[in-house]
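**Student:** Chains as they are written, first to last, in my numbering: chain Z, 1 to 297; chain W, 1 to 580. We treat Cβ as the ideally placed atom computed from N, Cα and C, and that holds for glycine. Predicted model only: the values in this text are computed from it and were never measured.
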Amino acid sequence: MRRAVTLALCCALAAGLMLLWGFSRAGEATPAQAAPRTLLLVENDTGAYLMQLRKGLQGAVQQRGGTLSVERLNGLGLDGLPPTPAEVDTVYLFAPRKAADVTAALHQQGYPVVVVEQSLRGEICVLPDDLDGGRQAGEFVRELAPQGPITVVADAGNARQALRLEGVLSALDDVSYTLLTPSQTGGIDANTACLLVLDDAALATMAQRKAQGLLPGDLPLVGFGRGEAAVPLMEQGLLQGLVADDPYALGYMAGALLDSLRTGELKPSLHLAPQRLVTPDTLYDPENVKLMFPLLD
Amino acid sequence: MTGREQGGGRSLNTVLMTALMLIIAVVLGFVLLLVVPRVSAMLRQSAVNRTKETVLQGVSSVEIYVDSMLRALHYATGLLPPDTRQQDTDWQEQLAFLKSSRSDLASLSFFLEDGQLSYSTDGALRVPPEEIRQAEWFRSAARWEGTVSHFSLPHVQHLFENQRRYVISISRGVPYTQDGQQKMGVLLMDVDYLAFSQVANGISLGGSGYVYLMDTHGALVTHPQLPLVYSGLYEENRAAVLAGTVGIARDDLRGRERTLIAATVGQTRWRLVGVAYADEILTLQSAFVRTFTVVLIAAILLSLGAAGLMAYAVTRPIRSLEERMRLVEAGDLNVTIDETGFREIRRVSGAFNHMLWRIRLLMRQIVVEQETKRLHELNALQAQINPHFLYNTLDSIIWMEERGRSKQAIVMVSALARLFRISISRGRSHILVHEELEHVRNYLIIQQMRFKDRFVYTIDCEEQVRNLRTIKLIVQPLVENAINHAMDELADERLMIAVRAWQENDLLCFEVKDDGVGIPPEKQAALLTSPAGSSGIGLKNVHERIQLTYGQQYGLTIQSQEDMGTTVTIRLPAHQEVTS
Numbered sequence: 001m002r003r004a005v006t007l008a009l010c011c012a013l014a015a016g017l018m019l020l021w022g023f024s025r026a027g028e029a030t031p032a033q034a035a036p037r038t039l040l041l042v043e044n045d046t047g048a049y050l051m052q053l054r055k056g057l058q059g060a061v062q063q064r065g066g067t068l069s070v071e072r073l074n075g076l077g078l079d080g081l082p083p084t085p086a087e088v089d090t091v092y093l094f095a096p097r098k099a100a101d102v103t104a105a106l107h108q109q110g111y112p113v114v115v116v117e118q119s120l121r122g123e124i125c126v127l128p129d130d131l132d133g134g135r136q137a138g139e140f141v142r143e144l145a146p147q148g149p150i151t152v153v154a155d156a157g158n159a160r161q162a163l164r165l166e167g168v169l170s171a172l173d174d175v176s177y178t179l180l181t182p183s184q185t186g187g188i189d190a191n192t193a194c195l196l197v198l199d200d201a202a203l204a205t206m207a208q209r210k211a212q213g214l215l216p217g218d219l220p221l222v223g224f225g226r227g228e229a230a231v232p233l234m235e236q237g238l239l240q241g242l243v244a245d246d247p248y249a250l251g252y253m254a255g256a257l258l259d260s261l262r263t264g265e266l267k268p269s270l271h272l273a274p275q276r277l278v279t280p281d282t283l284y285d286p287e288n289v290k291l292m293f294p295l296l297d
Numbered sequence: 001m002t003g004r005e006q007g008g009g010r011s012l013n014t015v016l017m018t019a020l021m022l023i024i025a026v027v028l029g030f031v032l033l034l035v036v037p038r039v040s041a042m043l044r045q046s047a048v049n050r051t052k053e054t055v056l057q058g059v060s061s062v063e064i065y066v067d068s069m070l071r072a073l074h075y076a077t078g079l080l081p082p083d084t085r086q087q088d089t090d091w092q093e094q095l096a097f098l099k100s101s102r103s104d105l106a107s108l109s110f111f112l113e114d115g116q117l118s119y120s121t122d123g124a125l126r127v128p129p130e131e132i133r134q135a136e137w138f139r140s141a142a143r144w145e146g147t148v149s150h151f152s153l154p155h156v157q158h159l160f161e162n163q164r165r166y167v168i169s170i171s172r173g174v175p176y177t178q179d180g181q182q183k184m185g186v187l188l189m190d191v192d193y194l195a196f197s198q199v200a201n202g203i204s205l206g207g208s209g210y211v212y213l214m215d216t217h218g219a220l221v222t223h224p225q226l227p228l229v230y231s232g233l234y235e236e237n238r239a240a241v242l243a244g245t246v247g248i249a250r251d252d253l254r255g256r257e258r259t260l261i262a263a264t265v266g267q268t269r270w271r272l273v274g275v276a277y278a279d280e281i282l283t284l285q286s287a288f289v290r291t292f293t294v295v296l297i298a299a300i301l302l303s304l305g306a307a308g309l310m311a312y313a314v315t316r317p318i319r320s321l322e323e324r325m326r327l328v329e330a331g332d333l334n335v336t337i338d339e340t341g342f343r344e345i346r347r348v349s350g351a352f353n354h355m356l357w358r359i360r361l362l363m364r365q366i367v368v369e370q371e372t373k374r375l376h377e378l379n380a381l382q383a384q385i386n387p388h389f390l391y392n393t394l395d396s397i398i399w400m401e402e403r404g405r406s407k408q409a410i411v412m413v414s415a416l417a418r419l420f421r422i423s424i425s426r427g428r429s430h431i432l433v434h435e436e437l438e439h440v441r442n443y444l445i446i447q448q449m450r451f452k453d454r455f456v457y458t459i460d461c462e463e464q465v466r467n468l469r470t471i472k473l474i475v476q477p478l479v480e481n482a483i484n485h486a487m488d489e490l491a492d493e494r495l496m497i498a499v500r501a502w503q504e505n506d507l508l509c510f511e512v513k514d515d516g517v518g519i520p521p522e523k524q525a526a527l528l529t530s531p532a533g534s535s536g537i538g539l540k541n542v543h544e545r546i547q548l549t550y551g552q553q554y555g556l557t558i559q560s561q562e563d564m565g566t567t568v569t570i571r572l573p574a575h576q577e578v579t580s
């Protein structure tokens, strides 16, 4: 008798607990997980490039139910930075000139950091794929001047330009080329079949020289840089090709790392955002609108 | 095998509980297999239908917007002068007013057949007419001659000086007359892409769901992640959508099951595609399955408990019966079983109680019978040591000795000793037939010597019955009775007593026959009922002992005829001697 009653009571109790558990979970929407809080730390909060980067980052964060706030760097002093380390899940640092120092200071205060558009040893970095961009440029230049010679302007000491150069050289194959630094552009060979400028600042200078007649008007000029500034150059015929950064994709990829960051799976690594070659023929194509006309949207 | 050794095997309680559980599990499992998939499919279909309805409503919204654009275009078409020679410029002002009246209109422009700009709200062209004539929007519109409007993909409008707009262009051929010739110009209306995309992107399909527009070639018109699609960071399964008109497809892009619902937007032939994530639109289905599973498990648990209780309730009276039977098995016959519970159990309990009562009754009867038998044996033994018989016999022996008849005395003493030896028989209640007849012989020897040959006797025994068993001291009382009757009644004639033993079928028969005066009929009945007289055990004693030992169908029968004689017959079952 006792065993039967005990068994019945245990089963009834188990059934009741099962119902209680089941119906209590029915009211839950999704497993409770705190919404990620992120911070974008910038040197300067203006500019179309940053605007697109922020849009992409915000889109990725919002997809994960999180929030993004933006703060400007005030020197290296991080005291008084509104969100404390306990209040943010990740800090995205967009500070081309001070990335290393600021990153160290942030780590010291306990902030988890993702560096955007810079490669820093020992950090999680998201930056444009300059190697692939260089390869695209090299292939395009080879089409423009299959016999060569190509003049390549690059600062080999700059990490990004070094990668671009590596990509360019991998695509040139046996096409002859001359490598100049930005300070040596005064000695561009007159027989150059194509001018490829890997330095963003030097590209505008070269285009201006073409406009001024200091360089042959029919000399194909291909470069790297941000799309917005290159539009008038392309429309004027001064620029024949631009390998443009995709700041929206850069920001989105950085935001997509949140999943791995929250689980602690992510180790210091490089994450590369695509670049795209834009020519005057494709300048107004829908896929290039965001790159070349970021303010139109 | 004794009852103790029959304790193995499965318990009825366990079998019953297991059977109940299996039945419940089968029934619930049947329900689970039949109901859950059907209801789940119905809920899924309902969710998909709701999503489809939302998509179709989205299509309506886009069509309404496109229709408003086309009406604006048609209105603008009506404003254009039919002849280029017309100097009135009111139509230009009206076009400008139309453009300013709608915030989503970026520009309105009218091009002549040769590509020259007739008028634009955006000002002067920055591209040559040749480029205009080569543009897809111009050629398509001119080709359709005003019957169909051309819709472009989103692009940057760069035709005009100092103007860059992200637009969707709608163009339409407009006939006009120039120098008396009928020509086909093109009216170009640029619609702000952001305003247009908000119509599509504003359609919600669950938390992560969205819609996008694409043309008949799969090129995207709007998409909430358009930049990522162009960057290659986001894929869209456009091939599945291009396959039909209004259709439903499923894929699992990026590990989440999606439902794709496509519908065609009229007038543009664009496809509006709704992408809904299964884990969001099927929350009701998931909740149902989860709830049903929880309820099912709870029902199984409750059923287990109920089955256990039910099995216990059914088997409790049986266990009680079993426990009482164990007591009976242990020797307690005074146990009584409660006649409660199910009707069948009550019947079994009642039958068991009755059986115990019968056993107790039979046991009491056996005890009584054994007591009676022992009493009769005791009486028989006591009769054998009848003082009168012993006294008379001893007296005869003394008389013989005094008269010098030692040999006769020795014979009598020997016969007496054998008589008593067989009477006692070491306490055995059964002896062999030849031993019983020897006992009778010794008795007759003594009586014959006492009564000086006033009777003669014969003793015959079939050889086959000599070693059969019989209870002792059953023939001598008959002989004693015959002698006493003859001695009382006959004075001169010698009595003839014949003792015989034979087997008749399965019966062992003894007969004592005399030729005396017979027994009156009124006395015959009393012989088997009245106790022994002074002469000894009595026929009643013998008759009762025989029936106690062997049953009512055996015993004495008396046949007597007055003045003719008496025959008393004993019938017993024929038992062989047991040799060991």
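1. Using a beta-carbon distance below 8 Å, is I345(W) in contact with chain Z?
2. So, is the C-beta of R164(W) closer than 8 Å to a C-beta in chain Z?
3. Nearest by alpha-carbon distance to V278(Z): which of D174(Z), G148(Z), V289(Z), N191(Z) is it?
4. Is there contact between the segment 147-155 of chain W and the segment 110-125 of chain W, where contact requires at least three CB pairs shorter than 8 Å?
5. List the residues of chain B whose Cβ lies closer than 8 Å to the Cβ of F293(Z), in chain order.
6. Distance check for R426(W) and H575(W), CA to CA, integer angstroms please.
7. Pull up the CB-CB distance for F288(W) and V39(W), whole angstroms please, since I reckon it's below 8 Å.
8. Step through the CB atoms of chain Z and report whether any lies within less than 8 Å of the CB of S231(W).
9. When the Cα atoms are used, what is the spatial distance from E371(W) to L362(W)?
10. Which residues in the same chain as S157(W) place their Cβ atom closer than 6 Å to its Cβ, once the five residues preceding and following it in sequence are excluded?
11. For A200(W) versus V62(W), is the C-beta distance shorter than 8 Å?
12. Beta-carbon separation of I261(W) and T51(W) under 8 Å?
13. Three or more beta-carbon pairs under 8 Å between the segment 54-69 of chain Z and the segment 104-112 of chain Z, yes or no?
14. Taking Cβ positions, are V229(W) and L272(W) nearer each other than 8 Å?
15. What residue does the beta strand (DSSP E) around I188(Z) start on, and which one ends it?
16. What is the DSSP secondary structure of H439(W), counted as helix, strand or coil?
17. Report the three-state DSSP secondary structure of I459(W) (helix, strand or coil).
18. How big is the Cα-Cα spacing for T557(W) and V568(W)?
19. Measure from the C-beta of I263(W) to each C-beta in chain Z and report whether the shortest distance is under 8 Å.
20. Going by CA-CA distance only, name the one from I546(W), N481(W), S68(W), C509(W) that's closest to Q524(W).
21. Assuming L468(W) contacts N442(W) (C-beta within less than 8 Å), just tell me the rounded distance between them.
22. So which residues of chain W does Y248(Z) contact, with C-beta pairs closer than 8 Å?
23. Taking Cβ positions, are L194(W) and A47(W) nearer each other than 8 Å?
24. Residues of the segment 259-290 of chain W with a CB closer than 8 Å to any CB of chain Z: list them in chain order, please.
25. Tell me, please, whether the CB atom of I297(W) is closer than 8 Å to any CB atom in chain Z?
26. With distances taken Cα to Cα, identify the nearest neighbour of T291(W) among L32(W), M21(W), G207(W), E236(W).
27. Under the three-state reduction of DSSP, which class applies to G225(Z): helix, strand or coil?
28. From the DSSP secondary-structure annotation, give me the bridge partner or partners of W270(W).
29. Between which two residues does the alpha helix (DSSP H) containing R238(W) stretch?
30. In whole angstroms, give me the CA-to-CA distance for L242(W) and Y277(W).
31. Looking at the unbroken beta strand (DSSP E) that takes in G565(W), where does it start and where does it end?
32. In this structure, does DSSP put S61(W) in helix, strand or coil?
33. Once the 5 residues before and after E562(W) are set aside, which same chain residues still bring their CB inside 8 Å of it?
34. Looking only at its chain, what residues have a beta carbon closer than 7 Å to the beta carbon of Q464(W), apart from the 5 residues adjacent to it on each side?
35. When you check each C-beta in the segment 199-222 of chain W against every C-beta of chain Z, which residues fall closer than 7 Å?
36. Between the Cα of C194(Z) and the Cα atoms of E117(Z), T205(Z), N158(Z), V175(Z), which residue gives the shortest distance?
**Tutor:** According to the data block:
1. By 1-based counting over the second sequence, the position of residue 345(W) is 345. Not an interface residue.
2. Here the question's residue 164(W) lines up with position 164 in the second sequence. Cβ-Cβ to chain Z under 8 Å: yes for R164(W).
3. As a first step, residue 278(Z) is located in the first sequence; it is residue number 278 there, counting from the start. Selected option, being the one with the closest Cα: V289(Z).
4. no
5. Absent from the structure is chain B; the protein chains it does hold are Z and W.
6. Stepping through the second sequence from its first residue, residue 575(W) is reached at position 575. Stepping through the second sequence from its first residue, residue 426(W) is reached at position 426. So the two alpha carbons sit approximately 20 Å from each other.
7. Numbered from 1 along the second sequence, position 288 holds the residue referred to as residue 288(W). Numbered from 1 along the second sequence, position 39 holds the residue referred to as residue 39(W). At roughly 6 Å, the Cβ-Cβ gap stays under 8 Å, so F288(W) and V39(W) are in contact.
8. In the second sequence, residue 231(W) corresponds to position 231, counting from 1. True, the Cβ-Cβ gap to chain Z drops below 8 Å.
9. The sequence position of residue 371(W) within the second sequence is 371, counting from 1. The sequence position of residue 362(W) within the second sequence is 362, counting from 1. Looking at the two C-alpha atoms, the distance is approximately 14 Å.
10. Counting from one through the second sequence, the residue named residue 157(W) turns up at place 157. A small fix is needed here, since residue 157(W) is Gln in this sequence, not Ser. Spatial neighbours of Q157(W) in its own chain (CB-CB distance under 6 Å, excluding positions within 5 residues in sequence) are listed in chain order as R165, V167, D190.
11. Your numbering for residue 200(W) matches position 200 in the second sequence. Your numbering for residue 62(W) matches position 62 in the second sequence. Closer than 8 Å, so yes.
12. For the purposes of this step, residue 261(W) is taken as the residue at position 261 of the second sequence. For the purposes of this step, residue 51(W) is taken as the residue at position 51 of the second sequence. A contact, by the Cβ cut-off of 8 Å.
13. no
14. Walking along the second sequence from the start, residue 229(W) turns up at place 229. Walking along the second sequence from the start, residue 272(W) turns up at place 272. In this structure, L272(W) does not lie closer than 8 Å to V229(W) by Cβ.
15. Counting from 1 along the first sequence, the entry for residue 188(Z) is found at position 188. Counting along the chain, I188(Z) sits inside no beta strand (DSSP E), nor does DSSP assign it H or E at all.
16. Counting from 1 along the second sequence, the entry for residue 439(W) is found at position 439. Residue state, collapsed to three classes: helix.
17. Within the second sequence, residue 459(W) is the residue found at index 459, counting from 1. Reduced to three states, the DSSP call for I459(W) is strand.
18. Numbered from 1 along the second sequence, position 557 holds the residue referred to as residue 557(W). Numbered from 1 along the second sequence, position 568 holds the residue referred to as residue 568(W). Distance between the alpha carbons of T557(W) and V568(W) is about 6 Å.
19. Taking the second sequence and counting its residues from 1, one reaches residue 263(W) at position 263. The sequence as given places Ala at residue 263(W); Ile does not occur at that position. No, A263(W) does not count as interfacial toward chain Z.
20. Position 524 of the second sequence, counted from the first residue, corresponds to residue 524(W). It is N481(W) whose Cα lies nearest to the Cα of Q524(W).
21. The count along the second sequence starts at 1 and reaches residue 468(W) at position 468. The count along the second sequence starts at 1 and reaches residue 442(W) at position 442. Incorrect: roughly 20 Å between the Cβ atoms, too far for contact.
22. The count along the first sequence starts at 1 and reaches residue 248(Z) at position 248. The contacting residues are P227, L228, S231.
23. Translated into the one-based positions of the second sequence, residue 194(W) becomes position 194. Translated into the one-based positions of the second sequence, residue 47(W) becomes position 47. No, Cβ-Cβ distance for L194(W) and A47(W) is not below 8 Å.
24. A287, R290
25. Position 297 of the second sequence holds residue 297(W). Yes, I297(W) lies at the interface with chain Z (some Cβ there is under 8 Å from its Cβ).
26. The count along the second sequence starts at 1 and reaches residue 291(W) at position 291. Here the closest residue by C-alpha is L32(W).
27. On the first sequence, position 225 is the one that residue 225(Z) refers to. Correct three-state label for G225(Z): strand.
28. For the purposes of this step, residue 270(W) is identified with residue 270 of the second sequence, where counting begins at 1. In DSSP, W270(W) forms a bridge with V265(W).
29. Taking the second sequence and counting its residues from 1, the one referred to as residue 238(W) is at position 238. It spans 238-242 - the alpha helix (DSSP H) in which R238(W) sits, taken as one unbroken run.
30. Residue mapping note: residue 242(W) aligns to position 242 of the second sequence, counting from 1. Residue mapping note: residue 277(W) aligns to position 277 of the second sequence, counting from 1. Their Cα atoms are separated by approximately 20 Å.
31. Mapped onto the second sequence, residue 565(W) falls at position 565. G565(W) -> beta strand (DSSP E) spans 565-573.
32. Within the second sequence, residue 61(W) is the residue found at index 61, counting from 1. DSSP places S61(W) within a helical segment (H, G or I) once states are collapsed to three.
33. Against the second sequence, residue 562(W) aligns to sequence position 562. Taken in chain order, the residues that qualify are V517, G518, I519, P520.
34. Residue numbering aside, residue 464(W) sits at position 464 when the second sequence is read from its first letter. Excluding residues within five positions, the ones whose Cβ falls inside 7 Å are Q503.
35. none
36. Against the first sequence, residue 194(Z) aligns to sequence position 194. Measuring from the Cα of C194(Z), the nearest candidate turns out to be V175(Z).
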